[in-house]
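The opening position of the sequence shown corresponds to residue 1 in the UniProt record's numbering, with each subsequent residue numbered one higher. I have placed the structure first, in the form of structure tokens, so that the comments after it can refer back to it.
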Amino acid sequence: MFRMFTQFHNFMEVEYLPVITPTKDNQENAIHFAERTSHVLAGALNVLQTSHSYGDWMLLTKAAKLGLDKATEYTVEMAWVESSFNVSTSEALDFLDKFLSMKPNARGHVNIHGFSAVLRLGLCPYTEKIFYFLDVERCGYITFRQFLLGSAHVLRQPFFRQACIAAFDECDDGQGYISMQQLGDVVEHAVPNLHHEKLYELFKLFDMDNDGLISREDFMTCLLRNPLLIALFAAHTDFHNSLEVM
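Pasting the structure below:
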């Protein structure tokens with residue numbers, strides 16, 4: 001080592017990657033070239049190729065800034081999520097906020113009690129059904145990845161928006177808004193004997209502008225942010241067979 005540092009000329013060769021020349025298809029589509037380059041890079045490093053992207057870095061950074069342990073548990077391979085479910089990084093960050101409100105433990109896991117509290121319904125057969133739709137392995141907890149993919153799966157169903165419109169029309173008596181009583185009359189079919197306190201919490205979740213009434217815009221916005229809640233109205237729409245979560 002000493003001899004190497006004291007001699008006048010040293011030569012060292014480092015091979016990073018073979019030269020990757022874009023094909024004609026790659027020149028027309030930068031995404032294809034990026035995928036090909038990623039594959040070559042993974043092969044050269046002898047590691048598994050993943051679909052992590054800048055969006056994962058944003059999720060990781062947000063989790064790290066909040067001081068969460070194992071912040072890497074909140075990465076989801078956003079490139080694959082975006083291409084498969086058409087979910088943007090901005091939407092994923094919103095879902096992360098929702099998931100964090102469920103108070104995950106140090107491992108990034110949320111149990112059914114934290115999950116049901118955020119749904120505003122408490123522990124009941126309905127919340128158990130939705131929870132185990134996400135917890136496919138019956139581990140007793142869900143991860144952010146499961147929550148995001150499950151929500152995105154429902155949100156991107158072909159007739160999701162039509163189902164939301166039909167659900168609002170079922171609750172509305174023609175006045176263009178929904179009262180707490182009207183919401184309760186429909187929800188009780190999915191959650192019988194729902195306590196008044198829980199109904200009030202659910203109503204406040206839908207009443208986005210806090211004016212004491214749920215407008216169509218309020219209703220749609222809430223379900224777009226909380227797509228799993230569409231199951232509350234499944235029996236009252238013509239699209240329940242299209243929403244597989246039902």
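Quick reminder that beta carbons are idealized off the backbone N, C-alpha and C, glycines included.
Identify which residue in the options has its Cα closest to the Cα of residue i.
i                : options                       : result
alanine 231      : Phe147, Pro158, Thr127        : Thr127
phenylalanine 59 : Ala34, Ala42, Lys98           : Residue identity differs from the one stated: residue 59 is leucine in this sequence, not phenylalanine. For leucine 59, the nearest C-alpha among the options comes from Lys98.
threonine 143    : Ile178, His52, Arg107, Gly122 : Arg107
leucine 100      : Asp69, Pro125, Leu123         : Asp69
tyrosine 132     : Arg120, Ile112, Met78, Gly122 : Ile112
valine 81        : Leu224, Ala92, Thr72          : Ala92
glutamate 170    : Gly114, Tyr200, Arg216        : Arg216
leucine 134      : Leu123, Ala152, Val40         : Ala152
Helix, strand or coil, according to DSSP, for residue i in the structure here?
i              : result
valine 110     : strand
isoleucine 165 : helix
serine 151     : helix
tyrosine 126   : helix
tyrosine 200   : helix
tyrosine 132   : helix
tyrosine 141   : coil
cysteine 83    : The question names cysteine, yet the displayed sequence has serine at residue 83. Looking at serine 83 - three-state DSSP - the assignment turns out to be helix.
serine 215     : strand
isoleucine 31  : helix
isoleucine 230 : helix
leucine 243    : For leucine 243, the pLDDT reaches just 47, beneath the cut-off of 50, and the residue's location in the model is therefore unreliable, leaving the point undetermined.
Please report the distance separating the alpha-carbon of residue i from that of residue j.
i             : j              : result
proline 104   : valine 110     : 5 angstroms
glycine 67    : serine 83      : 30 angstroms
leucine 228   : aspartate 172  : 21 angstroms
threonine 221 : isoleucine 165 : 11 angstroms
Does residue i pass the burial test, meaning 16 or more other C-beta atoms within 10 Å, or should it be called exposed?
i             : result
alanine 190   : buried
glutamine 175 : exposed
threonine 21  : exposed
aspartate 211 : exposed
glycine 184   : buried
arginine 138  : exposed
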